[in-house]
Amino acid sequence: MTFLLRIFLAAAALVAAGAYPAGALEISGTFIQGGLATGKVEPGTKLTLDGQPVAVAPNGSFIIGFGRKAKAKMVLRAEPPEGQLEERELAIEKRKYKIQRIDGLPQRKVS
Numbered sequence: 001m002t003f004l005l006r007i008f009l010a011a012a013a014l015v016a017a018g019a020y021p022a023g024a025l026e027i028s029g030t031f032i033q034g035g036l037a038t039g040k041v042e043p044g045t046k047l048t049l050d051g052q053p054v055a056v057a058p059n060g061s062f063i064i065g066f067g068r069k070a071k072a073k074m075v076l077r078a079e080p081p082e083g084q085l086e087e088r089e090l091a092i093e094k095r096k097y098k099i100q101r102i103d104g105l106p107q108r109k110v111s
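When you line the sequence shown up against the numbering used here, it's residues 1 to 111, in that order.
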């Protein structure tokens, strides 16, 4: 729940600040599994990440979260209302998660 709140607050801050100049695709962040990236495109741009639509705010700002099992390479595609299509290949670093295991528990206590 707090993770979703952080995403919402980060997106709200981007919208309020207008942090990036309009025009070409701008993106920065942590390109790692479980990471978060923010960016700015021209208002009205259609944005997709590996074919999945990405929400773009009226001022052109956007936020992307990378899943726990995100692929090593993902394609971000921006189609501005007037302008040239832009594609970026994003290299997503593999994260090593700490995994704890408890062996020998009774089956009724294991889900």
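From the three backbone atoms N, C-alpha and C, an ideal C-beta is built for every residue, glycine too.
DSSP-derived helix/strand/coil call for residue i
{"i": "K96", "result": "coil"}
{"i": "R101", "result": "coil"}
{"i": "K71", "result": "coil"}
Beta-carbon proximity list for residue i, same chain, < 6 Å, skipping 5 on both sides
{"i": "A37", "result": "I27, G29, I64"}
{"i": "K40", "result": "Y20, E26, G60, S61"}
{"i": "L85", "result": "E79"}
{"i": "G35", "result": "F66"}
Which residues DSSP lists as bridging residue i, in chain order
{"i": "I64", "result": "A37"}
{"i": "S28", "result": "T38"}
{"i": "P53", "result": "T48"}
{"i": "R77", "result": "T48, E87"}
Proximal residues to residue i (C-beta, below 8 Å), its chain only, five neighbours per side dropped
{"i": "E87", "result": "V75, L76, R77, A78"}
Contacting residues, own chain, Cβ-Cβ under 7 Å from residue i (five flanking each side not counted)
{"i": "V54", "result": "L47, T48, F62, I64"}
{"i": "G83", "result": "E42"}
{"i": "E89", "result": "K73, V75"}
{"i": "R68", "result": "Q33, G34"}
{"i": "R95", "result": "I32, Q33, G34"}
Distance CB(residue i)-CB(residue j) smaller than 8 Å
{"i": "Q33", "j": "A70", "result": "yes"}
{"i": "G51", "j": "P81", "result": "no"}
{"i": "I102", "j": "F31", "result": "no"}
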